[in-house]
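The opening residue of the sequence shown carries number 105 in this note's numbering; numbering runs sequentially from there. These notes are about the structure you will find just below.
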Amino acid sequence: MPRMLDVSDDVRAEIGDEEADRLLAGEDAPGSYDCTSCRTPGNSEQERTSTVLFVGEETAVLAFAHATCIPSQVVPVSEEQLRGAVRSITGEDAARTPAAPIPTSDRQATLGITCGLVLIREELHPALVVEPNGPIARPGSTSLDDDFLPLLLEHGFTPVTDMNQRPAPIEGWSALLAMGKLHAVLQPGTTGNQSAWWQAHQPLAVSDGWRTAANKEKAVLMYAAPSGTIGHQPREDLMRQALEQAAAKGLLVAAAMPLAGT
Numbered sequence: 105m106p107r108m109l110d111v112s113d114d115v116r117a118e119i120g121d122e123e124a125d126r127l128l129a130g131e132d133a134p135g136s137y138d139c140t141s142c143r144t145p146g147n148s149e150q151e152r153t154s155t156v157l158f159v160g161e162e163t164a165v166l167a168f169a170h171a172t173c174i175p176s177q178v179v180p181v182s183e184e185q186l187r188g189a190v191r192s193i194t195g196e197d198a199a200r201t202p203a204a205p206i207p208t209s210d211r212q213a214t215l216g217i218t219c220g221l222v223l224i225r226e227e228l229h230p231a232l233v234v235e236p237n238g239p240i241a242r243p244g245s246t247s248l249d250d251d252f253l254p255l256l257l258e259h260g261f262t263p264v265t266d267m268n269q270r271p272a273p274i275e276g277w278s279a280l281l282a283m284g285k286l287h288a289v290l291q292p293g294t295t296g297n298q299s300a301w302w303q304a305h306q307p308l309a310v311s312d313g314w315r316t317a318a319n320k321e322k323a324v325l326m327y328a329a330p331s332g333t334i335g336h337q338p339r340e341d342l343m344r345q346a347l348e349q350a351a352a353k354g355l356l357v358a359a360a361m362p363l364a365g366t
């Protein structure tokens, strides 16, 4: 039976006309699926469905989503991220795990990321709060100074002086949500493609409220502070208080970035 599939030109170019036509004819497309964005059931025989192709260095995974959640598109990811996406598709548990070390210096530190909702002008926005577990140095630097905020400012992040103001958008960065979980924060690459600035060893679970807000806005706010500034806060009101204190001390930068994929 023909499927109500949306196959974008980018996806068609990757999978080829023959495979795209088979999908549209219902030969290779499932009738029912779990939306890669909202994780609720969908049916490509009864509702418009987007084809989402996650492409790694050597392999690719085709997923499906409600067309009302995300459009059909190609999402470049690393092989490690792609394996995480496959684990999510096959239903393997993905526990909350520490982040991978970030390759910004010879002195490596681990980034901690907390997902929470931030209230700005009476509207809740999905946010990522990033804090390293130690100082970040520039590549090759022997200085003991923490260059975490200066490096982010050079990339286009802006200082936060008022938590009631939405951060400005940043060019080329995005947050990768796949299968309803956070996989990575992507930055502009040297070859024009995005590369992972941060990536989870295993996909990071987010709350239903966070995911709903992110899918509604198609964007995420990212706040970053030096090591020891925010700390682990068990509640969002305490996280907000810590962010306001960091901003008051001039130790907080932020940016708004789109979702990549979901």
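We put the CB at the ideal spot given by N, CA and C, even for glycine.
- One Cα belongs to H287, the other to K353, and the distance between them is close to 31 angstroms.
- Residue pairing by DSSP places N147 opposite S136 in a beta bridge.
- Nearest to N268 by C-alpha distance, out of S311, E348 and E151, is E348.
- Within its own chain, the residues whose Cβ lies closer than 8 angstroms to the Cβ of P134, once the five positions on either side in sequence are excluded, are S148 and F168, listed in chain order.
- L221 is positioned such that its CB atom lies closer than 8 angstroms to that of W314.
- M108 and T262 have their alpha carbons spaced roughly 43 angstroms apart.
- Here T316 carries a helix assignment [DSSP, helix/strand/coil].
- N319 is classed as buried because its beta carbon has at least 16 other beta carbons within 10 Å across all chains shown.
- In this structure, L308 sits away from K322, with a CB-CB distance that is not shorter than 8 angstroms.
- Per DSSP, reduced to three states, the secondary structure at Q303 is strand.
- In this structure, the straight-line span from the alpha carbon of E226 to that of L356 is close to 21 angstroms.
- D110 is bridged by DSSP to S154.
- Residue pairing by DSSP puts V233 in a beta bridge opposite T218 and Y327.
- Residues of the same chain with a CB within less than 7 angstroms of the CB of A350, apart from the 5 flanking positions on each side, are A329, T333, I334 and L356 in chain order.
- The distance from the Cβ of P271 to that of A359 is about 5 angstroms, consistent with a contact at the 8 angstroms cut-off.
- The DSSP-derived three-state label of P254 is helix.
- If you draw a straight line from the Cα of I240 to the Cα of E122, it comes to about 49 angstroms.
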